[in-house]
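Enquirer: I am attaching a structure below and will ask some questions about it afterwards.
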Amino acid sequence: MPEVLVVNRNLQKENSWLLDTYRRDGGYAQAERAVRESTPEEVIETVTAADLKGRGGAFFPTGMKWKFVRADSNTPRYVVANGDESEPGTYCNRFLLEKDPHGFIEGMIIAAFAIDAHTGYIYIRGEYGFAAERVREALHECYVAGILGEGIFGTDYKLDIILRRGAGAYICGEETALFNSLEGKRGNPRFKPPFPTNSGVWSKPTAINNIETFACVAPILEHGAEWFKGLAVGKGNAGTKVYCLSGNVQKTGLFELPLGTTARELIFDYGGGVADGRTLKAFKPGGASAAVLTPDLLDVRLDPSIIQHETIMGTGGCIVLDDTVSIVESAYRDALFFEEESCGFCIPCRQGTPNLVQILERILQGEGSMADLDLLESIGESMASSFCGLGQFAYRPVVGALHRFRDEFEGYIRGELPVSA
Amino acid sequence: MAVNLRIDGVTLTAEPGTMLLTVARAAGVEIPTLCHYEGLDGSGNCRLCTVWRADGEGALLAACRSPAEEGMEIATQAEPARAVRRGVLGDLAAVDLSRTPELLDLLAEYGVEAEVEGAERTRQAEPVVDNPFYVRDYEKCVLCWRCTDVCGEAVQQTFAITPVGRGAESTIGTYGGIGMAESSCVFCGNCVQVCPTGALEPRALWELGDAELAAEERVVETTCGYCGVGCGLEVHLRGDTITHVTSDPDGPVNQGWLCVKGRYGFEFADAKDRLTAPLVRDGDGWKEVSWDAALGLVAARLGEIKAESGPDALGMFGSSKCLNEDNYQLQKFARAVLGTNNVDNCARLCHSSSVAALGMSIGAGAFTNSLDEIAENDLIWVTGSNTTETHPITALKIKAAVRAGAKLIVADPRRIELTEFADLHLQPRTGTDVPLYNALLHCLIRDGAVDDDFIARRVEGFEEVKTVAERHPPEYAAGITGIPAEQIERAARMLGAAPKTGFYWGLGLTEHTHGTEACLAIVNLALATGNVGRRGTGLNPLRGQNNVQGTSDMGALPNVFPGYRAVGDDAVRELFEKAWGVGLPAEPGLTSTDMVVGSGRGGLRALYVMGENPLLSDPHLNHTRKVFEKLEFLVVQDIFMTETAAVADVVLPATSWAEKDGTYTNTDRRVQRVRPLRSAPGLARADWEILADLAGRMGYRMEGDAAAIFAEMAGLTPDFAGMSHARLDAAGGLRWPCPMPAHPGTEWLWGERFPTESGRGRMHPVDYRTETEPPDTEYPLIFNTGRVLYHWHTGSMTRRVEGLEELYPEALLEISPGDAEELGIARGAPVRVSSRRGALECRAWITKRVSPGTVYMSWHFAEAAANLLTIDALDPVSRIPEYKICACRVELLDGAVEPNGASLRSARA
Ligand SMILES: Cc1cc2nc3c(=O)[nH]c(=O)nc-3n(C[C@H](O)[C@H](O)[C@H](O)COP(=O)(O)O)c2cc1C
Ligand code: SF4
Ligand code: SF4
Ligand code: SF4
Ligand code: FES
């Protein structure tokens, strides 16, 4: 089965990142038509009807988000593209940023028009230097071509888009931390409510979306809401999702597939199955934040409904673990990541993340006790009330692994498994 | 529409937007908190207040920041919530919570074992002791971020401290890790007050030994004795020793926030050199004598001089630092015992122009509105006031209003801190206010942006003023003021557009020979735009000292009785004559400046000074000194041997703020109680009591204590008739007018009519006059004077506070980089500053705060007294001296540039 190329449609083209290439195949026609001929309400209606949901991991309905922003009379309003993409195992935004920057910029322009924003920000993680360069060039092309700036597309609509860089903190992908970072403050999250739709960057109503979300917008306007909905499989899904496959699998990489594709299809049909003749031990469907699933669950759909299995769809970064992998060690690596990335703002996450690491270290070194397993659970219970999503999810890979592979944890404790870490 | 919800099974209603914590607490349901601080949004980061939302899918919510919603079902003790709290408390167990018994109790309640006492320090090797006022011991820090919130956007907007590091390595620190004293910290101690664990602790408290700590703590609620904001204080004592000061977050004036002087400036009261016994001159020295001997001598000398030369050969200075009761007693003494109206106070030197101008125009010279209403101003107009340093809490209110969306225009020749928050900074050449305000009026009239209806209903004299304004197009004013015409236009547009503007001014406007006219000019603007006599607007002179408002209210003025009733008004005089049982003089007396400058209707032979220090605070000190030396008899009643006391014949020891029992009236007319912290040192006595004793010796009986004196005053003064000490104790402060015992006091004034004869506000045409002594080739720079945050007036109090001295130990000359370069002056270089009247030496602080051509100095420092240079030219109406402008010369002195450490620390800008 071929991929369904919507957001990734331009990636293989020669000089795909240039404005000329993009325009040759009808690029910016949707933005131009929206700004010149549509009303903001029509745009929002179409996006709402298409049932586009945020690809940043929370799957919040995009049309509704824009409607909320528009409904707030406070001005100015802002549009923000979240290109912080720091979830381990996730790199779909990176390819869009590097190879097709105009695709998501067009989506941003349409969004800006829909919410009547005259300033947009693109926030790109610090490590994505090349991607940022490409975006900078693309923005420059837009200004020169009258696609951005004073009076875009020959109308009197003004729109500036400003590029900002992160500085190496995962937390700055969380929308409110991102706003703080944009404003030059310490990148820790802010309390919600108020939500970004009412109080985002500079405390003004803000539509913040993932790069991939924006990249869906122009195709939706071009082909219509029904077409977009028809792309997906499974209940409540619409459109495609760019899944990122990594781990010990034959073919790693990006696969743009109907949203709702099953893990089995992704790993075996597209990824060619586990590499090196190994068998599948487990897989993480949504990056480091997602808890592992076992092979008996291969037929679950990779969409938000996966939450019923104690894990998350997240950003669609699917990581394949073969039978040689120690699950405890893998959980330990996740824990290390979150210890490193906890911003330190709230008590449960600031203290909980290093506590998890300590206990897992103990267990891996054969010095753990059965009581440690209860401790892992109770740390999780308090981290559940962490201030932001990072802490609220950070314990789940550990506790999820414990629930599905308790034997293995106990094996280390009983000294049946080789000491590691 | 109220929302209905259930908390622990009880149905409750709440206003939408109310936080669950507030709803629960109001219903008597306790939820533990840590980062939450009443009155602040709170960071919401401790999660100790987590509750379980049982409806819907179920959720953990932080009660302190989660608003109540319709249909919510909240379980505060559900297991998932308790598990969170257990976890949080478990994480706190590693923190040194020895100063927080409540938290230790909570740990116990949740079955969490606290770390043993004396455990190894794991988080910070040593407590940081890097400033005089507080210690930072992050071993006790729970990273609640209250301190950084308060220092940042929530309150101070100083941004001296910030969370640093991330994850488990997070801590609190300064930007770049520099020491507190090198940072932008202004030592308000507001962070210390909100710290829940003692990680930030007042140094005096931290330094107490275990035994002292164990002693029982007393807390006395009183009012700050420094500036006119009148902050409420809670003074903590062990025995007679003040350990620290906090403030009630529910306090009506300052909501718990204080400045460095209010929080840490109390040490002077315990200074070793407090006056503790009456002193009479003995050759070049002093002789300690009994009260009997001292007062006997004073009574005899005053009696003699009065008998020889009549009562007007005597004069008295009241004190803006003393109580209403003291000042009432003093003016009564002058009028009833001495028989003279020669009584005045230092309001003469600060806001007499405001009082005169407001009196001439709207009939009464006080804040027309209130500090609370700053929050309601759409446009805040600040001029001639370095509010951040001289009225710190007012500045907090202004900054908060700006943060909430108000516009701010600062008109000030200096680039003061508030300009950083301003939408527009108009930077006039010193002393050119009149043309600026005339030009603003010009634009408003031209653009039809004046309030015609208000003018028609409530104003007279508009046509004359209009004629003058017409002659003042902005281009013309620009030539005089140096403010670009388009900035004047922009300011006028902002004024015209703002529904409610509040005008706030300080001494930069008043202390000129045309001070009254400058105030009239601003009054014209307010009357023309209808920004007075209405809520959220107002003409609001920021009164400097703790009781400068009250001292004038009490009639320590040469022309009026208490309540600003003219001494020449027969009916009023009869009222007082009847009450006091003696005939009273009808002729207004001499102002203090006329008494001193001696240019008035001379003949003054004896002067009685209560709590004032003219030999440092008056202009042209060399001349003032001569006048004082010529006096035949000088009595000074004070708490220290001030520069003035030093030349007196008799010095009488009085009580300080720490021992006083009575009332102060703050800048927005709020009368508040001052309570004694302990008894007076040695033989020192209350000011009013000394006067009563003296009166008895001069054949007049003055009876009763402070409460009785207040009652007598209230009985004779309709604006205060509803007040008494007892009521003030219960009500916590009342704003006059308060004419009846049930009256709540008055927030803003003159809603219907002004207290003038016609009931209308009168505009006065005013025109520009140059200063008395413009710069010339010989003295090419403008010499401007004022105050700094860390000191107070003549320094008799603040310079006896070690920490304040450490932070700001010496006078500095503010000079612009260009002028400094021209004169070859480097940062911290010693300079000589001179005028036609005197010279001083100090060090230079090169700063862009002052504009080229102007230098600035504070007058707190006796060893480099700015008033040696100032000119004693007076405003013809208010008799205020021209402190803000005279000509001077600056020269580089030989000698080493001292290391800049301490003394330039406060000079950071
Ligand atoms: C810890 C954390 C990290 C996040 N990182 C990202 C990210 O890198 N990129 C992203 O688009 N969204 C990220 N999010 C989600 C954003 O907060 C936000 O929901 C998203 O940008 C909204 O866009 P969408 O509606 O298009 O998904 C993160 C959330 C959390 C809690
Ligand atoms: S959950 Fe973690 S990342 Fe989020 S605020 Fe708390 S400490 Fe920061
Ligand atoms: S120093 Fe005090 S107020 Fe500041 S974060 Fe630590 S515990 Fe909180
Ligand atoms: S004392 Fe005041 S200025 Fe200094 S750090 Fe604390 S809150 Fe900030
Ligand atoms: S008190 Fe609510 S989170 Fe701290």
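In order, the protein sequences belong to chains A and B.
The first sequence lines up with residues 30 to 450 when you count with my numbering.
The second sequence lines up with residues 397 to 1305 when you count with my numbering.
For glycine and all other residues, C-beta sits at the position ideal for the given N, C-alpha and C.
What you are looking at is a predicted structure, and each value in this text was computed from that prediction instead of being measured.
Kindly indicate which three-state DSSP category D492(B) falls into: helix, strand or coil?
Expert: Translated into the one-based positions of the second sequence, residue 492(B) becomes position 96. Three-state result, D492(B): coil.
Enquirer: I want to know whether the region 827 to 847 of chain B touches the region 884 to 893 of chain B - three or more CB-CB distances under 8 angstroms.
Expert: Contact between the region 827 to 847 of chain B and the region 884 to 893 of chain B is present, because at least three Cβ pairs lie under 8 angstroms.
Enquirer: What's the call for N39(A), buried or exposed, on a 16-neighbour Cβ count within 10 Å?
Expert: To locate residue 39(A), count along the first sequence from 1; it is residue 10. Per the 10 Å Cβ criterion, buried.
Enquirer: Measuring CB atoms only, is the region 1274 to 1282 of chain B touching the region 1174 to 1184 of chain B, in the sense that at least three cross pairs come out at less than 8 angstroms?
Expert: Yes: the two stretches touch, three or more of their Cβ pairs being nearer than 8 angstroms.
Enquirer: Tell me whether G1297(B) sits in a helix, a strand or coil according to DSSP, three-state version.
Expert: For the purposes of this step, residue 1297(B) is taken as residue 901 along the second sequence, with counting starting at 1. Unreliable positioning characterises G1297(B) in this predicted model, as indicated by a pLDDT of 43, which lies under 50. A coordinate reading is not provided.
Enquirer: Would you say F366(A) lies against chain B (beta-carbon separation less than 8 angstroms)?
Expert: Numbered from its first residue, the first sequence carries residue 366(A) at position 337. Output row for F366(A): interface = no.
Enquirer: For G1297(B), does the count of other Cβ atoms within 10 angstroms reach 16, so buried, or fall short, so exposed?
Expert: Start at 1 with the first residue of the second sequence, and residue 1297(B) comes out as number 901. Residue confidence is low: G1297(B) scores 43 on pLDDT, short of 50, so the model does not pin down where it sits. Its coordinate-derived value is still stated next. The residue in question, G1297(B), is exposed, as its Cβ has fewer than 16 Cβ neighbours within 10 Å.
Enquirer: Would the C-beta of V582(B) count as close to ligand 4, meaning under 7 angstroms from any of its heavy atoms?
Expert: Stepping through the second sequence from its first residue, residue 582(B) is reached at position 186. For ligand 4, at least one heavy atom lies less than 7 angstroms from the Cβ of V582(B).
Enquirer: Please tell me whether, using a cut-off of 7 angstroms, the distance from the CB of P559(B) to the nearest non-hydrogen atom of ligand 2 is below it.
Expert: The count along the second sequence starts at 1 and reaches residue 559(B) at position 163. Result no, Cβ not under 7 angstroms from ligand 2.
Enquirer: Considering Cα atoms alone, identify which of Y107(A), L81(A), E445(A), E70(A) is closest to A261(A).
Expert: The residue given as residue 261(A) occupies position 232 in the first sequence. Selected option, being the one with the closest Cα: L81(A).
Enquirer: Identify whether T148(A) lies in helix, strand or coil by the three-state DSSP scheme.
Expert: Along the first sequence, one-based indexing puts residue 148(A) at 119. If DSSP states are grouped into helix, strand and coil, T148(A) belongs with the strands.
Enquirer: What three-state label does DSSP hand R997(B) in the structure shown?
Expert: Counted from its first residue, the second sequence places residue 997(B) at position 601. Residue confidence for R997(B) is low, a pLDDT of 47 falling below 50, so the modelled location carries little weight; the figure read from the coordinates is stated next. R997(B) falls in the coil class under three-state DSSP.
Enquirer: Among the residues of its own chain, which have a CB less than 7 angstroms from the CB of G438(B), if the five just before and after it don't count?
Expert: The residue given as residue 438(B) occupies position 42 in the second sequence. Answer for G438(B): C431, H432, C460, R461, listed in chain order.
Enquirer: Taking Cβ to Cβ, would you say R482(B) is nearer than 8 angstroms to S102(A)?
Expert: Translated into the one-based positions of the second sequence, residue 482(B) becomes position 86. Translated into the one-based positions of the first sequence, residue 102(A) becomes position 73. Not in contact: R482(B) and S102(A) (Cβ atoms no closer than 8 angstroms).
Enquirer: Need the endpoints of the beta strand (DSSP E) that S749(B) sits in, please.
Expert: Your numbering for residue 749(B) matches position 353 in the second sequence. From DSSP, S749(B) is part of no beta strand (DSSP E) but of the alpha helix (DSSP H) over 748 to 758.
Enquirer: Give a yes or no on whether the minimum CB-CB distance between C442(B) and chain A is below 8 angstroms.
Expert: Counting from 1 along the second sequence, the entry for residue 442(B) is found at position 46. Yes, C442(B) counts as interfacial toward chain A.
Enquirer: T382(A) CB to nearest chain B CB: under 8 angstroms?
Expert: Locating residue 382(A) in the first sequence gives position 353, where the first residue counts as 1. Yes - at least one Cβ of chain B is within 8 angstroms of the one on T382(A).
Enquirer: Does the distance between the C-beta of C591(B) and the nearest non-hydrogen atom of ligand 3 fall short of 7 angstroms?
Expert: Numbered from its first residue, the second sequence carries residue 591(B) at position 195. Yes; taking the cut-off as 7 angstroms, the Cβ of C591(B) has a heavy atom of ligand 3 nearer than that.
Enquirer: For A400(A), return the contacting residues in chain B, with the cut-off set at a CB-CB distance below 8 angstroms.
Expert: Residue 400(A) sits at position 371 when you count from the first residue of the first sequence. Those do not exist, as A400(A) stays about 14 angstroms from chain B at its closest Cβ, beyond 8 angstroms.
Enquirer: V676(B) to L604(B), Cα distance in whole Å?
Expert: Taking the second sequence and counting its residues from 1, one reaches residue 676(B) at position 280. Taking the second sequence and counting its residues from 1, one reaches residue 604(B) at position 208. The alpha-carbon atoms of V676(B) and L604(B) are separated by roughly 39 angstroms.
Enquirer: Give me the Cα-Cα distance between G136(A) and T91(A), rounded to the nearest whole angstrom.
Expert: The residue you call residue 136(A) lines up with position 107 of the first sequence. The residue you call residue 91(A) lines up with position 62 of the first sequence. Their backbone Cα atoms lie some 12 angstroms apart in a straight line.
Enquirer: Using C-beta distances below 7 angstroms, list every residue in its chain close to L693(B), excluding the 5 sequence neighbours before and after it, in chain order.
Expert: Along the second sequence, read from residue 1 onward, the residue named residue 693(B) stands at position 297. Cβ neighbours of L693(B) beyond the five flanking positions: V676, V1046.
Enquirer: Within 8 angstroms (strictly less), CB to CB, does D492(B) reach chain A?
Expert: Taking the second sequence and counting its residues from 1, one reaches residue 492(B) at position 96. Not closer than 8 angstroms to any Cβ of chain A, the Cβ of D492(B) fails to qualify, so no.
Enquirer: Helix, strand or coil: which one does DSSP assign to M1109(B)?
Expert: One-based indexing of the second sequence puts residue 1109(B) at position 713. Note: M1109(B) maps to helix in three-state DSSP.
Enquirer: So, for M93(A): in the same chain, excluding its five sequence neighbours on each side, which residues have a beta-carbon less than 8 angstroms away from its beta-carbon?
Expert: Here residue 93(A) refers to the residue found at position 64 of the first sequence. Only T77 meet the Cβ criterion.
Enquirer: Excluding the five sequence neighbours on either side, which residues of its own chain have a C-beta within less than 6 angstroms of the C-beta of R495(B), listed in chain order?
Expert: Residue numbering aside, residue 495(B) sits at position 99 when the second sequence is read from its first letter. Around R495(B): G594.
Enquirer: Applying the 10 Å Cβ sphere with the 16-neighbour rule, what's the burial state of A611(B)?
Expert: Along the second sequence, one-based indexing puts residue 611(B) at 215. It counts as exposed.
Enquirer: How long is the line joining the alpha carbons of A689(B) and C742(B), rounded to whole angstroms?
Expert: Here residue 689(B) refers to the residue found at position 293 when the second sequence is read from its first residue. Here residue 742(B) refers to the residue found at position 346 when the second sequence is read from its first residue. In a straight line, the C-alpha of A689(B) is about 29 angstroms away from that of C742(B).
Enquirer: E565(B) touches chain E at which residues, Cβ-Cβ below 8 angstroms?
Expert: Absent here is chain E; the protein component of the structure consists of chains A and B.
Enquirer: Shortest alpha-carbon distance to W1144(B) belongs to which of P1133(B), A1082(B), E1153(B)?
Expert: Position 748 of the second sequence, counted from the first residue, corresponds to residue 1144(B). Residue P1133(B) is the option with its Cα nearest to W1144(B).
Enquirer: How would you label N400(B), buried or exposed, when you count the other beta carbons within 10 angstroms and need 16 or more for buried?
Expert: Sequence index remark: in the second sequence, residue 400(B) carries index 4 (1-based). By the 10 Å Cβ count, N400(B) comes out exposed.
Enquirer: At least one CB of chain A closer than 8 angstroms to the CB of L456(B): is that the case?
Expert: Taking the second sequence and counting its residues from 1, one reaches residue 456(B) at position 60. Judged by the 8 angstroms Cβ criterion, L456(B) is in contact with chain A.
Enquirer: Between which two residues does the beta strand (DSSP E) carrying Q1068(B) extend?
Expert: Here residue 1068(B) corresponds to residue number 672 of the second sequence, with the count starting at 1. 1066 to 1070 is the span of the beta strand (DSSP E), which, as asked, contains Q1068(B).
Enquirer: Does the distance from the CB of T909(B) to the CB of L1270(B) come in under 8 angstroms?
Expert: On the second sequence, residue 909(B) is found 513 positions in, with the first residue counted as 1. On the second sequence, residue 1270(B) is found 874 positions in, with the first residue counted as 1. Cβ distance < 8 angstroms, so T909(B) and L1270(B) count as in contact.
Enquirer: Could you name the residues that DSSP lists as bridge partners for A807(B)?
Expert: Your numbering for residue 807(B) matches position 411 in the second sequence. T779(B), L822(B), per the DSSP bridge assignment.
Enquirer: What in chain A is Cβ-close to T1040(B), meaning under 7 angstroms?
Expert: The count along the second sequence starts at 1 and reaches residue 1040(B) at position 644. In chain order: nothing, as chain A lies at least about 51 angstroms away.
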